[in-house]
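Note that the protein sequences, when read in sequence, are chains A and B.
According to my numbering, the stretch in the first sequence is residues 1 to 504, in order.
According to my numbering, the stretch in the second sequence is residues 1001 to 1504, in order.
A quick write-up on the structure given underneath.
Protein chains: 2
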Amino acid sequence: MSYADFEARMARINDVICAVNLLGWDARTMMPPGGIDARGHQVATLTDLARDLATGEDMRRAMDGARDELASAPGDDIRRRALARAEAEIGTLSRIPSRIVSEMAGLKTRAHAAWAEARAKNDFAGYAPLLDRMMAMQREISAAIGGGVHPYDPLIGMYEPGMNYQRLQTIYARLKSALVPLIERAAAAPQPRMDFLERPFPIAEQKAFGLKIAARMGYDLNRGRLDDTVHPFEISFTRDDVRITSRFRETWAPGGIFALWHEAGHGMYEQGVAPEFSRTIFATDIVNLYAVGGASFGMHESQSRLWENRVGRSRRFWALHFGDLRDRFPAQLADVTEEAFWRAVNAVRPGFIRVEADELTYDMHIILRSEIEAALMAGDLGVADLPAVWAEKMRDYLGLAVPSDTLGVLQDVHWSHGYVGSFPTYTIGNIMSSQLFAKAQESGAIATGLEAGDYAPLHGWLAENVYRHGRSSTPEETLHRVTGGGLDPAPYIADLTAKVEALT
Amino acid sequence: MSYADFEARMARINDVICAVNLLGWDARTMMPPGGIDARGHQVATLTDLARDLATGEDMRRAMDGARDELASAPGDDIRRRALARAEAEIGTLSRIPSRIVSEMAGLKTRAHAAWAEARAKNDFAGYAPLLDRMMAMQREISAAIGGGVHPYDPLIGMYEPGMNYQRLQTIYARLKSALVPLIERAAAAPQPRMDFLERPFPIAEQKAFGLKIAARMGYDLNRGRLDDTVHPFEISFTRDDVRITSRFRETWAPGGIFALWHEAGHGMYEQGVAPEFSRTIFATDIVNLYAVGGASFGMHESQSRLWENRVGRSRRFWALHFGDLRDRFPAQLADVTEEAFWRAVNAVRPGFIRVEADELTYDMHIILRSEIEAALMAGDLGVADLPAVWAEKMRDYLGLAVPSDTLGVLQDVHWSHGYVGSFPTYTIGNIMSSQLFAKAQESGAIATGLEAGDYAPLHGWLAENVYRHGRSSTPEETLHRVTGGGLDPAPYIADLTAKVEALT
């Protein structure tokens, strides 16, 4: 057994997981309603096969052989990095008992159905028993993976390698102290006009505008495609087939357009991973059995947020592109200036719904959820207490009185799908987006390009500094290489502060 | 190891093959161009896994255990049938050496590319060496599978269990003696008007009309969907997700509409397989590693041809539906009567292109190809002789002088894709379609329904007598059960004779 054997086995695992990704993409975009039960079996079987291939005896022997073969190779040999990464991820995957994996598969289905019903009926009690079981299993998974100081840590690490709750708490404290006054200041200022956003904007033209910009940003439609879904997402089946979705509504144009650029940001990252990493561990998340090239969930989110918010919600961006938009919608935007449009798509409005939150309030939703997850994992909080705790934090962080569990603790689908520990990556991504964008703008060519609507220099810089490395570097390594330091909320706070100053 | 274990393993194999089917459907309908190389790896890996799962030691032990468990069960126990079917198919699959499977995978890719180039350039010589290798491998596969009298037989049996070349020759002889004079008679008669078929028919309205009729026939869109492809096809991922495609051209309305009904006919068969056969050997073609519920390629084709030709090209059908069509295309069909339309979509015109052939000449294309395949497999014919033999048979059977290899031996993609032995199933399907349709019409309710455009009785009869049995019966068993006899061209010849009499 040799390194080549290890590589060949990893390539096959990637193939299987890419097929799982396709089964998922198809279920969300194309599949007729009747196909759902069979699709569940297909996903479960292929996921099991991928897990068996990764954790099986043949792979272990291949890795042993590869380790022997590379014993005298230099420590920074990319093959040694690949092998070490695979051993670590397979180790984590192996520590989660198959008993839990099996029970989790069934539980997710039932919990998701119960959650959807509970949300529709504002009936948290009907969902609580399944949520309770889900949280108990997440604690088991945490214990099985082990490591870390806080029981939340192993779960955070599944999505953001190297991160832990203690570091998060420091970051959250800084964000809260900076954001709460900014939110208050924005809320106290006169609200911008938003009426025109709700005029009818024919969807085909929204899409044409959004895609034209996405292509200018660098999203390659020869290796991608755009479809419609209720919940926008990006998914890849190697760097050469990276698909995005968005949700366009005729009476709320910015929703679909910004979601498209957000997903295109994810997509460009995947499309930019080095070709030689295709079908390797560096394009395969073994812990989550997911085909993905990005370094972590947080680094991925930094790339979507960078294009959506740092670029797409900037004053400069609309100075460049509002004319095109108004040409496409002359009647709808006849009485709107570029400045008014920019103000409208940056309006700060505390609300109950995370996925509709503006840039200022978004992280407060994440901090709330993350603190609750940590308390649940530590056993400091029971499921029965969730509605009250949720309402209390919404009042403290956003000044809102939660009117119902539907608009409160039942907001997000994540827990019912078995995701605990992924919420922090949204805020980590926001922070990284500003760190990377600040660094990028030190280049004169990038700054000049942004002034002229030429996004090729920025895309090229990201491709070179972030995209191509994919999972061959950890998110922290990537940040250090590019910025010279680790995760630092200062540039993000500075960006939001500047934005509020400009808006108010 | 028990029968339940065998069943569980077969279900997982079906899941994997369904995923392969989806990878294929997606590649032909949705995949961006850049994805093609990665998709090849994914299909190859999953196909290998399915093959390994089917032919591996664990499955053999499971089948041994199941056989012991069922030793005292009655001979007609459905579980014994399932086990016997699985053992037979896995036996066939196992006999094809993996060396051939591996070489074939690469050869198909190169042969297909060479074929496409040769066809574009009318350069048979550029393709001949790869075709020669392909035919040599097909002879190896035939020898490996074994059985049969003629070396063509094992290949025919992969697509039509129970069929052999000797039986085919008897059938071909009857067809030739009946069809050649009919074709001559039709060709000598005045040609119908066809000019109006080439008027512009907006595609959306063609689709709406075609789908409305397909739904009336019984195609269930809740468990299916229609997409556009250059080459129409049907594919399933269990009975609950059965997709069809068609190719609509604005200036040739009948092409897209009839192809839709053809594929819907395949689709209804798959949708109608008994639910308890889902994820069993009765919905899995192990020999071809293809997820399909129909009894054979021929029986499948009988279901598409029945709806396309026996129903869709009948005088009665257009008496019922031409009004709807003319309401949708009032300008295009203003000067057209229902009779003229029916005559136009039944025009007999010998041509070089099989996929555009009319009902009368279609089988001559099949007989020609099938005779050539048999001679190639027997070694009576070399690849270098193909252009001349093709031209000779086209002259004999259709009275046409082949002007180029592009319109001759390079017509069909099948050989480059590794299919030898599947052509006869098209003619077998035509024959079965008339046998089954004749039997169905003995029911008063069905005949009355057809007169009134109510296709539910016919669909219900097919569901009961054909669809639900799926692969639990061989095609011959199905025919015997329904018609009381085996494959018999008489009803098909009678249908075509009656049609020519009505048309001339």
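Cβ coordinates follow ideal geometry from the N, Cα and C atoms, glycine included.
Being a predicted model, the structure only gives us computed values, none of them experimental.
Please state whether the Cβ-Cβ distance between residue i and residue j is less than 7 Å.
| i | j | result |
| --- | --- | --- |
| Glu-160 of chain A | Thr-406 of chain A | no |
| Leu-458 of chain A | Asn-346 of chain A | no |
| Gly-1210 of chain B | Leu-1260 of chain B | yes |
| Leu-1155 of chain B | Ser-1142 of chain B | yes |
| Ile-203 of chain A | Glu-250 of chain A | yes |
| Leu-197 of chain A | Pro-232 of chain A | no |
| Glu-1476 of chain B | Gly-1460 of chain B | no |
| Trp-115 of chain A | Ser-434 of chain A | no |
| Asp-385 of chain A | Ala-1038 of chain B | no |
| Gly-470 of chain A | Val-149 of chain A | no |
| Ser-1472 of chain B | Phe-1201 of chain B | no |
| Leu-1410 of chain B | Arg-1009 of chain B | no |
Taking the alpha-carbon of residue i as reference, which of the options has the nearest alpha-carbon?
| i | options | result |
| --- | --- | --- |
| Asn-222 of chain A | A:Phe-341, A:Ala-120 and A:Ile-244 | A:Ile-244 |
| Glu-392 of chain A | A:His-365, A:Trp-415 and A:Met-377 | A:His-365 |
| Pro-1192 of chain B | B:Arg-1395, B:Arg-1354, B:Trp-1342 and B:Thr-1029 | B:Trp-1342 |
| Ser-540 of chain A | A:Asp-58, A:Glu-69, A:Ile-17 and A:Ala-44 | Residue coverage of chain A in this structure runs from 1 to 504, which leaves residue 540 of chain A outside it and unanswerable. |
| Val-1180 of chain B | B:Pro-1491, B:Gly-1470, B:Met-1432 and B:Met-1394 | B:Met-1394 |
| Ala-208 of chain A | A:Gly-35, A:Ser-246, A:Trp-415 and A:Ala-11 | A:Ser-246 |
| Val-348 of chain A | A:Met-194, A:Ala-84 and A:Ala-440 | A:Met-194 |
| Asn-1014 of chain B | A:Arg-167, A:Arg-305 and A:Gly-40 | A:Gly-40 |
| Ala-374 of chain A | A:Asp-153, A:Asp-26 and A:Ile-36 | A:Asp-153 |
| Gly-1147 of chain B | B:Met-1134, B:Gly-1162 and B:Met-1137 | B:Gly-1162 |
| Ala-340 of chain A | A:Pro-330, A:Arg-354, A:Asp-327 and A:Trp-318 | A:Trp-318 |
| Ala-54 of chain A | A:Asp-77, A:Arg-12 and A:Val-420 | A:Arg-12 |
| Val-1292 of chain B | B:Glu-1205, B:Ile-1017 and B:Glu-1356 | B:Ile-1017 |
| Glu-205 of chain A | A:Asp-76, A:Leu-325, A:Gly-265 and A:Leu-175 | A:Leu-325 |
Exposed or buried, what is residue i when buried is set at 16 or more other beta-carbons lying within 10 Å of its beta-carbon?
| i | result |
| --- | --- |
| Thr-1448 of chain B | exposed |
| Gln-1303 of chain B | buried |
| Asp-64 of chain A | exposed |
| Ala-50 of chain A | buried |
| Arg-481 of chain A | exposed |
| Pro-1190 of chain B | exposed |
| Lys-212 of chain A | exposed |
| Ala-1440 of chain B | buried |
| Gln-166 of chain A | exposed |
| Val-1230 of chain B | exposed |
| Ala-1494 of chain B | exposed |
| Ile-36 of chain A | exposed |
| Ser-1296 of chain B | buried |
Does residue i come within less than 7 Å of chain A when only Cβ atoms are used?
| i | result |
| --- | --- |
| Pro-1232 of chain B | no |
| Leu-1046 of chain B | yes |
| Thr-1238 of chain B | yes |
| Ala-1004 of chain B | no |
| Gly-1034 of chain B | yes |
| Ala-1019 of chain B | yes |
| Arg-1012 of chain B | yes |
| Ala-1086 of chain B | no |
| Asp-1015 of chain B | yes |
| Arg-1225 of chain B | yes |
Does any residue of chain C have a CB that is nearer than 7 Å to the CB of residue i?
| i | result |
| --- | --- |
| Asn-222 of chain A | Going by chain labels, chain C is absent from the structure shown, which instead holds the protein chains A and B. |
Using a threshold of 6 Å, is the CB atom of residue i nearer than that to any non-hydrogen atom of the ligand HEM?
| i | result |
| --- | --- |
| Ser-404 of chain A | This structure simply doesn't include the ligand HEM, nor any ligand for that matter. |
Consider the Cβ of residue i: report whether some Cβ of chain B lies at a distance smaller than 7 Å.
| i | result |
| --- | --- |
| Pro-424 of chain A | no |
| His-41 of chain A | yes |
| Arg-28 of chain A | no |
| Ser-215 of chain A | One point to set straight first is that residue 215 of chain A is Ala, not Ser, in the sequence displayed. For Ala-215 of chain A, the answer is no, since every Cβ of chain B falls outside 7 Å of its Cβ. |
| Ala-120 of chain A | no |
| Ala-38 of chain A | yes |
With a floor of 4 residues, list each alpha helix (DSSP H) that falls wholly inside the segment 189-229 of chain A, ordered by position along the chain.
203-217
Which runs of the alpha helix (DSSP H), 4 residues or longer, sit entirely within the segment 413-456 of chain A?
Counting only runs of 4 or more, we get 424-440 and 444-452.
Suppose only complete runs of 4+ residues qualify. What are the alpha helix (DSSP H) ranges in the segment 69-118 of chain A, listed by chain order?
78-95
With a floor of 4 residues, list each alpha helix (DSSP H) that falls wholly inside the segment 228-278 of chain A, ordered by position along the chain.
253-272
4 or more residues per run - each alpha helix (DSSP H) lying fully within the segment 1340-1379 of chain B
1359-1378
Those runs of the alpha helix (DSSP H) which lie wholly inside the segment 1456-1481 of chain B and span at least 4 residues
1456-1465
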